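Numbering-wise, the sequence shown is residues 4 to 122 according to the numbering used here. Just so it is clear, CB atoms sit at the ideal spot from N, CA and C, and this is done for glycine as well. Predicted model, so just to flag it, every value in this text is computed and none were measured.
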Amino acid sequence: MRTTWNLPIIILLLLMALLAGGCTSRSAPQRDLPPILLEEELIRPYVKLGRIQVTREVYGSDLELKPDIREWGYRAIQEEAARIGADAVIHSEVTGRTITYIIMPSTEYRASGIAVKFK
4 MRTTWNLPII ILLLLMALLA GGCTSRSAPQ RDLPPILLEE ELIRPYVKLG
54 RIQVTREVYG SDLELKPDIR EWGYRAIQEE AARIGADAVI HSEVTGRTIT
104 YIIMPSTEYR ASGIAVKFK
């Protein structure tokens with residue numbers, strides 16, 4: 004009788020260990036992202052590394068992103084600029100447009116900017 008009670012507990016513990024086995028409590032290291040600047044704010048000479056454009060398309064309603072479109076866009080181009088080694092981003096722009104396909108609305112968010120490296 005005692006064995007029948009222990010078996011479900013052992014199976015439950017093994018299942019919990021399996022599910023939590025890949026989890027970690029350490030967060031990713033915080034890296035400094037390149038700032039978004041106006042061209043007038045640049046006082047040092049620079050080289051344009053390239054144009055960055057990030058697009059996100061959402062089908063249906065996008066309730067989670069509506070208030071934070073600009074924040075998402077700026078963060079996305081800053082992360083891309085950091086990947087290519089840029090020191091700053093200029094001419095940043097975040098836009099969104101909605102298109103309806105038959106009955107399903109689709110919203111496209113686009114963030115763009117120019118990545119620069121200081122000389």
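Give me the Cβ distance between residue i and residue j, rounded to the nearest whole Å; I'm assuming they're in contact under 8 Å.
i          : j          : result
residue 95 : residue 39 : 5 Å
What are the boundary residues of the beta strand (DSSP E) that residue i is part of?
i          : result
residue 99 : 91 to 104
residue 78 : Where residue 78 is concerned, there is no enclosing beta strand (DSSP E), although the alpha helix (DSSP H) it sits in stretches over 72 to 86.
residue 52 : 49 to 62
What does the Cβ neighbour count give for residue i, buried or exposed, with the cut at 16 atoms within 10 Å?
i           : result
residue 35  : exposed
residue 4   : Legend: pLDDT at residue 4 = 49, less than 50; position of this residue unreliable, value from coordinates given subsequently. Classification of residue 4: exposed, given that the 10 Å Cβ count is below 16.
residue 80  : buried
residue 55  : buried
residue 48  : exposed
residue 20  : exposed
residue 112 : buried
residue 116 : buried
residue 37  : buried
residue 50  : exposed
Is residue i helix, strand or coil by DSSP?
i           : result
residue 108 : strand
residue 4   : With a pLDDT of 49 at residue 4, under the threshold of 50, the modelled position of this residue cannot be trusted; read the value that follows with caution. The answer is coil: DSSP assigns residue 4 none of H, G, I, E or B.
residue 46  : coil
Are residue i and residue j close, meaning C-beta to C-beta below 7 Å?
i           : j           : result
residue 84  : residue 92  : yes
residue 110 : residue 101 : yes
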